[in-house]
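Student:
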Amino acid sequence: LSGGQQQRVAIARALALEPKLLLFDEPTSALDPELVGEVLDVIKDLAHQGTTMIVVTHEIGFAREVADTVVFMDEGRVVEQGAPAEVLDAPREERTRTFLSKVL
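Using the numbering used here, read the sequence shown as starting at 329 and increasing by one per residue.
1. Consult DSSP for GLN409 and reduce its assignment to one of helix, strand or coil.
2. Counting along the chain, where does the beta strand (DSSP E) carrying ASP353 start and finish?
3. Locate the alpha helix (DSSP H) running through VAL394, then write down its first and last residues.
4. Look up VAL399 in the DSSP assignment and give the residues it is bridged to.
5. By the 10 Å Cβ neighbour count, where 16 or more other Cβ atoms means buried, how is PRO355 classified, buried or exposed?
6. Look at the Cβ atom of VAL415, then the Cβ atom of VAL398, and state whether they are nearer than 7 angstroms.
7. Relative to the C-alpha of ALA340, which candidate in PHE427, ILE388, ASP373 and ARG392 has its C-alpha closest?
8. Provide the residue span of the beta strand (DSSP E) that contains VAL383, from first to last.
9. Any idea what DSSP makes of GLY331, helix, strand or coil?
10. So is VAL367 buried or exposed if we call it buried at 16+ other beta carbons inside 10 Å?
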């Protein structure tokens with residue numbers, strides 16, 4: 329199976345247990361760039377179905393589109409949290425602004 333297929337299988341296996349919460353830790357980090365969209369689409373579908381998820385990601389556009397709340401962390405500490413538009417478009421904290429200026 330490809331990396332994207334493996335991720336989708338892992339998600340399906342987790343869903344079979346009917347969890348109240350799904351945790352994704354960089355679900356696309358080990359994937360070829362052309363497979364990233366496939367996995368993000370599965371997670372988007374879950375979000376639209378109302379699945380509660382915590383997703384650790386550097387995919388800022390994805391977070392902006394799917395998240396209800398964004399939490400920006402640095403060195404294990406919460407630096408800033410709020411609605412995606414607040415944190416990603418108008419961050420209050422300098423550390424958040426610095427990070428976003430480097431990845432966007």
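Yeah, the Cβ is synthetic: ideal placement off N, Cα and C, and Gly gets one too.
This one's a predicted model, so the numbers in the text were calculated from it and none came from an experiment.
Tutor: Taking the definition as stated:
1. Numbered from its first residue, the sequence shown carries residue 409 at position 81. Residue state, collapsed to three classes: strand.
2. Taking the first residue of the sequence shown as 1, we reach residue 353 at position 25. Segment 350 to 353, the beta strand (DSSP E) holding ASP353.
3. The sequence position of residue 394 within the sequence shown is 66, counting from 1. Element bounds for VAL394: 388 to 394.
4. Here the question's residue 399 lines up with position 71 in the sequence shown. Paired residue(s): GLN409.
5. For the purposes of this step, residue 355 is identified with residue 27 of the sequence shown, where counting begins at 1. Under this definition PRO355 is a buried residue.
6. As a working mapping, residue 415 is identified with position 87 in the sequence shown. As a working mapping, residue 398 is identified with position 70 in the sequence shown. Yes, the Cβ-Cβ distance between VAL415 and VAL398 is below 7 angstroms.
7. Indexing the sequence shown from 1 puts residue 340 at position 12. ALA340 has its Cα closest to that of ASP373, out of PHE427, ILE388, ASP373 and ARG392.
8. Residue 383 sits at position 55 when you count from the first residue of the sequence shown. Unbroken beta strand (DSSP E) run through VAL383: 381 to 384.
9. What you label residue 331 is simply residue 3 of the sequence shown in a count that begins at 1. DSSP places GLY331 in helix when its eight states are reduced to three.
10. For the purposes of this step, residue 367 is identified with residue 39 of the sequence shown, where counting begins at 1. VAL367 is buried by the Cβ-count criterion.
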